[in-house]
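S.K.:
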Amino acid sequence: MTSHRTPPEPPPTLVLVAHGSRDPRTLTTVHALLDRVRALRPGLPVRLGHIELNAPLLPDTLAALGTAGSPGSADGGSAVLVPLLLGRGHHVKHDIPAAAAAAPARTLVAAALGPHPLLVDALHARLLEAGWPPAPGAAARARAGVVLAAAGSRDPDSAADTGRTAALLAERLGVPVVPAYASAAAPTVPEAVRALAARGRRRIALASYFTAPGRFHAESAGAAPWIAAAPLGAHPAMARLVLHRYEEAREHEEARARTATPAGSGARPLLPV
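Counting along the sequence shown from 1, when you hit position 93 you're at 97 in the working numbering, and nothing is skipped either side.
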């Protein structure tokens, strides 16, 4: 008697959700990050969707995913949306969940990338590339400080997330790190520089808490009195973090499904967020 084994379910598509930008360097950077993610997980379907300004827009990406169980569907019609965003602002709380809820595909929404130690790895690496000393002594640390330049948001949760990243980076570097914002929040980068200088810090570096080059990074870097690091970009730690958020969302959903599904039913739903 021949037994027929049910083929394993394909993994959900990882949809990287980028903000979108008129700066062509941003799209180049996002595609480089996608390439790193694909290299780390060969065989995992990976797609891109933008909130605005660039194609493909997120609703179009989700509409193109095959419906669950459709013939030839490589992903089973399911997706995990991973925001290429660094904190809990309006897009993470409202725009992305709304797009997920309206999608024909079954979807999960992962957490924003930050705060997380892998972001600190990338920020530290970018500072080293810009000229931050790899092992500064106590005297050098006593003179140094860092401004963590971020885009900014009116959402207090976003500011809290940036502040947590600043604290993690300060712990890594052993110097004060002050968060500052290019828009919508205070302090500005020049204000943060002045605050550090008032504390006797004369070697003030700028850490770029931006996912890609653009106007905010350029304006922030222009206010740096010493060195200015490049944006996070397609650093390898960013690719690892994207995959971590993808797996984390799946694990949370599986735990929720186990709690909600009666024992022995065999159901393994991927529920919308």
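Note that beta-carbon positions come from the ideal geometry of N, C-alpha and C, so glycine has one too.
What does the alpha-carbon distance come out to for the pair residue 227 and residue 248?
M.R.: Sequence index remark: in the sequence shown, residue 227 carries index 223 (1-based). Sequence index remark: in the sequence shown, residue 248 carries index 244 (1-based). Near 34 Å, if we compare the C-alpha coordinates of residue 248 and residue 227.
S.K.: Going by DSSP, which residues form a beta bridge with residue 86?
M.R.: Walking along the sequence shown from the start, residue 86 turns up at place 82. 20.
S.K.: May I ask you to verify whether the region 208-225 touches the region 92-112, counting CB pairs closer than 8 Å and requiring at least 3?
M.R.: The answer is no - the region 92-112 does not touch the region 208-225, with fewer than three Cβ pairs under 8 Å.
S.K.: For the alpha helix (DSSP H) containing residue 100, list its first residue and its last residue.
M.R.: Reading the sequence shown from its first residue, position 96 is the one you call residue 100. Note, residue 100: alpha helix (DSSP H), 100-106.
S.K.: Excluding five sequence neighbours on each side, which residues of the same chain lie with their C-beta closer than 8 Å to the C-beta of residue 88?
M.R.: One-based indexing of the sequence shown puts residue 88 at position 84. Closer than 8 Å at Cβ, skipping near neighbours: 20, 21, 22, 23, 34, 37, 117, 215 and 246.
S.K.: Can you look up residue 134 in the DSSP assignment and give me helix, strand or coil?
M.R.: Along the sequence shown, read from residue 1 onward, the residue named residue 134 stands at position 130. Three-state result, residue 134: helix.
S.K.: Is the distance from the Cβ of residue 189 to the Cβ of residue 163 below 7 Å?
M.R.: Position 185 of the sequence shown holds residue 189. Position 159 of the sequence shown holds residue 163. Closer than 7 Å, so yes.
S.K.: Is the region 253-260 in contact with the region 56-65, if contact means three or more CB pairs nearer than 8 Å?
M.R.: With the cut-off at 8 Å, the region 253-260 and the region 56-65 do not touch.
S.K.: Which of the three DSSP states is assigned to residue 54 in this structure?
M.R.: Position 50 of the sequence shown, counted from the start, is the residue given in the question as residue 54. Reduced to three states, the DSSP call for residue 54 is strand.
S.K.: Rounded to the nearest angstrom, how far is the Cβ of residue 230 from that of residue 207, given a contact under 8 Å?
M.R.: Your numbering for residue 230 matches position 226 in the sequence shown. Your numbering for residue 207 matches position 203 in the sequence shown. Contact holds; Cβ gap of about 5 Å.
S.K.: Going by DSSP, what residues sit across from residue 149 in a beta bridge?
M.R.: Looking up residue 149 in the sequence shown gives position 145. For residue 149, which the question treats as bridged, DSSP gives the partners 208.
S.K.: So, under 8 Å CB-CB, residue 134 and residue 222 are touching, yes? Tell me the CB distance rounded to an integer number of Å.
M.R.: Mapped onto the sequence shown, residue 134 falls at position 130. Mapped onto the sequence shown, residue 222 falls at position 218. Incorrect: roughly 15 Å between the Cβ atoms, too far for contact.
S.K.: What first and last residue would you give for the alpha helix (DSSP H) that runs through residue 249?
M.R.: As a first step, residue 249 must be located in the sequence shown, where it is residue number 245. Residues 240-264.
S.K.: Once DSSP output is grouped into helix, strand and coil, what is the label at residue 121?
M.R.: In the sequence shown, the residue the question calls residue 121 occupies position 117. In this structure, residue 121 counts as helix in the three-state DSSP scheme.
S.K.: So, does the region 37-54 touch the region 113-132, judging by three or more C-beta pairs under 8 Å?
M.R.: No, they do not touch.
S.K.: Looking at residue 83 and residue 286, is the spacing between their C-beta atoms short of 7 Å?
M.R.: Coverage of the chain is limited to positions 5 through 277, which leaves residue 286 absent and any answer about it impossible.
S.K.: On the CB-based measure, 16 or more other CB atoms within 10 Å of its CB, does residue 112 come out buried or exposed?
M.R.: Counting from one through the sequence shown, the residue named residue 112 turns up at place 108. Buried, by the Cβ-count rule.
S.K.: Buried or exposed for residue 75, going by 16 or more other Cβ atoms inside 10 Å?
M.R.: Here residue 75 refers to the residue found at position 71 of the sequence shown. Legend: pLDDT at residue 75 = 43, less than 50; position of this residue unreliable, no value from coordinates given.
S.K.: Based on Cα-Cα distance, which residue from 97, 238, 15 and 41 lies nearest to residue 69?
M.R.: Within the sequence shown, numbered from 1, the residue matching residue 69 stands at position 65. Ranking 97, 238, 15 and 41 by Cα distance to residue 69 puts 15 first.
S.K.: Rounded to a whole number of angstroms, what is the C-alpha to C-alpha distance between residue 100 and residue 61?
M.R.: One-based indexing of the sequence shown puts residue 100 at position 96. One-based indexing of the sequence shown puts residue 61 at position 57. So the alpha carbons of these two residues sit roughly 11 Å apart.
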